[in-house]
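Below is one structure, written out as structure tokens; the observations come after it.
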Amino acid sequence: MKRTKELVIGIGILLIVSIFAVFSTANTSDTNVTDEDTQITIIDALGREVTLDKPAERIAYTHYSVAEVLKAIGAWDRVVARDGYISDENFYPNLDEIPAICPARNPLDINYEKTIEAKPDVLILPKFDWYGTTDEIINTLEPDIPVVFVDTLNPDSFCDNVTIIGKVVGNEEQAQEYTDFYSGIYDSIVTKTSQIAPEDRLNVFYKAFSDTPEQIKTYGKDMPGGNEFFNAAGSKNIAGDLPFAYGDVDKEWVLKQNIDAIVVMCWDQHYPDVFGYNVNDSEMASEKGKEIQEEIMRQDVFTHTDAVKNKKVYLLHNELLSTPRNIIAVAYMAKWFYPDLFPDLDPQALHQEYLDRFIEADYNLSNTGMFAYPA
1 MKRTKELVIG IGILLIVSIF AVFSTANTSD TNVTDEDTQI TIIDALGREV
51 TLDKPAERIA YTHYSVAEVL KAIGAWDRVV ARDGYISDEN FYPNLDEIPA
101 ICPARNPLDI NYEKTIEAKP DVLILPKFDW YGTTDEIINT LEPDIPVVFV
151 DTLNPDSFCD NVTIIGKVVG NEEQAQEYTD FYSGIYDSIV TKTSQIAPED
201 RLNVFYKAFS DTPEQIKTYG KDMPGGNEFF NAAGSKNIAG DLPFAYGDVD
251 KEWVLKQNID AIVVMCWDQH YPDVFGYNVN DSEMASEKGK EIQEEIMRQD
301 VFTHTDAVKN KKVYLLHNEL LSTPRNIIAV AYMAKWFYPD LFPDLDPQAL
351 HQEYLDRFIE ADYNLSNTGM FAYPA
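As structure tokens, this is what we get:
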């Protein structure tokens with residue numbers, strides 16, 4: 001009887017051990033399946049295959065165009081390291097709490113020590129070919145920190161790159177909503193401007209922002225998304241074949257050009273009481289915008305042009321060109337260049353909708369500085 005009792009107890013213990021082993025194996029198997037299911041593989045803007053174990057919970061990035069995408073798709077609260085340029089706390093809350101890992105003017109000059117200290121799951125960087133430091137960054141940080149390059153300034157490929165970012169951070173639905181908005185504007189404009197014959201397109205000189213109004217800088221063929229951006233508005237960038245991204249041109253060169261319109265990119269740091277969200281007197285900003293326009297029109301290098309003779313000299317806040325809000329700039333330019341093609345296009349209303357839906361910043365464009373003149 002005693003032996004029978006011991007045998008029963010032994011069998012019971014064996015069954016418990018067996019059951020525990022089965023459940024342990026099952027749990028291990030389930031864990032492995034979950035890991036495979038959450039793994040993410042994308043092809044970045046450099047054509048590299050990059051794999052993450054799961055959607056990034058801790059995000060590092062550089063360049064303000066990438067920052068804006070992260071904010072627009074609802075991922076800003078997971079940023080643990082940022083670029084050194086942005087400063088608007090209404091756009092980007094808690095900036096002081098997030099370490100900057102690059103200087104303001106070079107998004108690929110990465111502070112590796114600060115980046116590693118932030119322990120990000122991914123580092124998202126702009127595809128700026130002219131810096132030539134991509135290999136160094138990749139070799140220094142990978143495989144511990146996956147590096148993803150994106151092109152967030154080219155309107156032709158912008159939506160594809162937002163989709164990549166959305167997948168990397170696990171916000172694919174928000175990314176889809178954002179790209180739907182962007183492509184809705186872009187496609188409606190390009191559908192019309194693409195029908196304009198090359199010989200009928202306006203020859204436009206894009207005066208890039210510079211240290212003084214007299215300095216003549218422009219955008220050449222290597223400007224990221226530059227010619228695509230200008231083409232979308234139905235124009236021909238007269239400097240579009242010059243061998244640089246952004247640089248000086250001689251006065252003599254400009255004097256030889258046939259210029260139908262001039263678009264001047266204005267930096268708010270040079271005109272702090274005219275351009276941007278933090279200007280409170282919109283009426284005064286508009287008056288000063290007219291003064292800037294007239295100052296440009298009086299410059300000897302431009303007085304001979306049809307642009308000045310026909311008063312087709314326009315001002316754009318540089319921030320609209322160098323961020324995903326370039327779609328708003330395209331809308332302004334298309335409206336300026338071809339008003340008969342776009343009688344119902346309202347760039348300011350689109351800009352306000354963008355801010356309300358995607359940035360959620362407390363800005364009313366009727367009470368801010370300018371972003372375009374004439375608006």
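Following UniProt numbering, the numbering of the sequence shown begins with 1 at its first residue and continues without gaps.
Think of the CB as a built atom: it goes at the ideal place given N, C-alpha and C, for glycine as much as any other residue.
Can you give me the C-alpha to C-alpha distance between T134 and K290, rounded to a whole angstrom?
Rounded to the nearest angstrom, the two C-alpha atoms are 43 Å apart.
I238 beta carbon less than 7 Å from that of N203:
Going by C-beta atoms, N203 is nearer than 7 Å to I238.
Excluding sequence positions up to five away, which residues of its chain have a Cβ less than 7 Å from the Cβ of D362?
Only N90 meet the Cβ criterion.
Name the DSSP beta bridge partners of A60, please?
Note: A60 sits in a beta bridge opposite A81 and L123.
Residue nearest to N310 in terms of C-alpha spacing, selected from Y332, A261 and D281
It is A261.
Comparing alpha-carbon positions, which option in D144, H63, N280 and S87 lies nearest D121?
If we check each option's Cα against that of D121, D144 comes out closest.
Decide if D44 is buried, meaning its Cβ has at least 16 other Cβ atoms within 10 Å, or exposed.
Residue burial is scored here from C-beta neighbours: D44 has at least 16 other C-beta atoms within 10 angstroms and is therefore classed as buried.
Return the residue from the list E136, N154 and A307 that minimises the CA-CA distance to S183.
Here the closest residue by C-alpha is N154.
For C266, which three-state DSSP category applies?
When secondary structure is reduced to three states using DSSP, C266 falls in the strand class.
Distance, K288 Cα to V249 Cα
Taking the straight line from one Cα to the other gives about 27 Å.
State the Cα-Cα distance for the pair T163 and P126, rounded to the nearest angstrom.
Near 15 Å, if we compare the C-alpha coordinates of P126 and T163.
Using 8 Å for Cβ pairs, my map puts A72 next to R82. What's the rounded Cβ distance?
Incorrect: roughly 15 Å between the Cβ atoms, too far for contact.
Contained alpha helix (DSSP H) runs [length at least 4] in the region 262-315, N- to C-terminal order
Within the region 262-315, the complete alpha helix (DSSP H) runs of at least 4 residues fall at 282-297 and 306-309.
Comparing C-alpha positions only, which one of F158, D129 and V169 sits nearest to P146?
The closest CA to that of P146, considering only F158, D129 and V169, is found on V169.
Excluding the 5 residues flanking V33 on each side, which residues of the same chain have their C-beta closer than 6 Å to its C-beta?
Low per-residue confidence applies at V33: pLDDT is 39, beneath 50, and the placement is therefore not dependable, though the value from the model is reported in the following sentence. The answer is none, since no qualifying residue turns up.
Starting from V147, follow the beta strand (DSSP E) in both directions and report where the run begins and ends.
In the DSSP annotation of this structure, the continuous segment of the beta strand (DSSP E) that includes V147 starts and ends at V147 to V150.
Going by alpha carbons, who is nearest to N111 out of E319, E136 and Y277?
The candidate whose alpha carbon is nearest that of N111 is E136.
By DSSP, does residue 376 sit in helix, in strand, or in coil?
Given that the chain is displayed from residue 1 to residue 375, the structure contains no residue 376 and the question cannot be resolved.
So if DSSP puts M370 in a beta bridge, which residue, or which two residues, is it bridged to?
Partner(s): F275.
Using a 10 Å radius around the Cβ and a threshold of 16 neighbouring Cβ atoms, would you call T51 buried or exposed?
T51 counts as exposed, since fewer than 16 other C-beta atoms from the protein chains shown sit within 10 angstroms of its C-beta.
Classify D151: buried if its beta carbon has 16 or more other beta carbons within 10 angstroms, exposed otherwise.
Buried is the call here.
Beta strand (DSSP E) segment containing G247, residue limits
Unbroken beta strand (DSSP E) run through G247: Y246 to D248.
E97 to I327, Cα distance in whole Å?
Whole-angstrom Cα-Cα distance: 31 Å.
CA nearest to the CA of L255, picked from Q299, V264, A233 and S282:
Cα-wise, what sits closest to L255 is Q299.
When the distance is taken between beta carbons, is K119 closer than 7 Å to P99?
Result no, Cβ atoms of P99 and K119 do not sit closer than 7 Å.
Within the same chain, show all residues whose beta-carbon is closer than 6 Å to that of P107, passing over the 5 residues directly before and after it, in chain order.
Excluding residues within five positions, the ones whose Cβ falls inside 6 Å are T62, H63, D83 and P126.
Closest by CA to V274, which one among F342, V190, M370 and S366?
Here the closest residue by C-alpha is M370.
Between L316 and Y332, which are expected to be in contact by the criterion C-beta below 8 Å, what is the C-beta distance as a whole number of angstroms?
The Cβ separation is near 7 Å, so the contact holds.
For S322, tell me which candidate among D268, I259, E173 and Q257 has the shortest Cα-Cα distance.
With distances taken between Cα atoms, S322 lies closest to D268.
Let me confirm a value: E57 is counted as buried when at least 16 other C-beta atoms fall within 10 Å, else exposed. Which label applies?
Label assigned to E57: exposed.
Under a CB-based cut-off of 7 Å, is P343 close to chain C?
The chain labelled as chain C is not found in the depicted structure, where only one protein chain is given.
At the level of alpha carbons, what is the spacing between E49 and M297?
The straight-line gap from Cα to Cα measures roughly 50 Å.
Beta strand (DSSP E) segment containing I328, residue limits:
Careful: I328 lies outside any beta strand (DSSP E), inside the alpha helix (DSSP H) at N326 to F337.
Grouping DSSP H, G and I as helix and E and B as strand, with all else coil, what is E89?
Three-state DSSP puts E89 in coil, outside helix and strand.
Report the three-state DSSP secondary structure of S65 (helix, strand or coil).
In the structure shown, S65 adopts helical secondary structure according to DSSP, grouped into three states.
Considering Cα atoms alone, identify which of G225, A104, N318 and I196 is closest to V263.
With distances taken between Cα atoms, V263 lies closest to N318.
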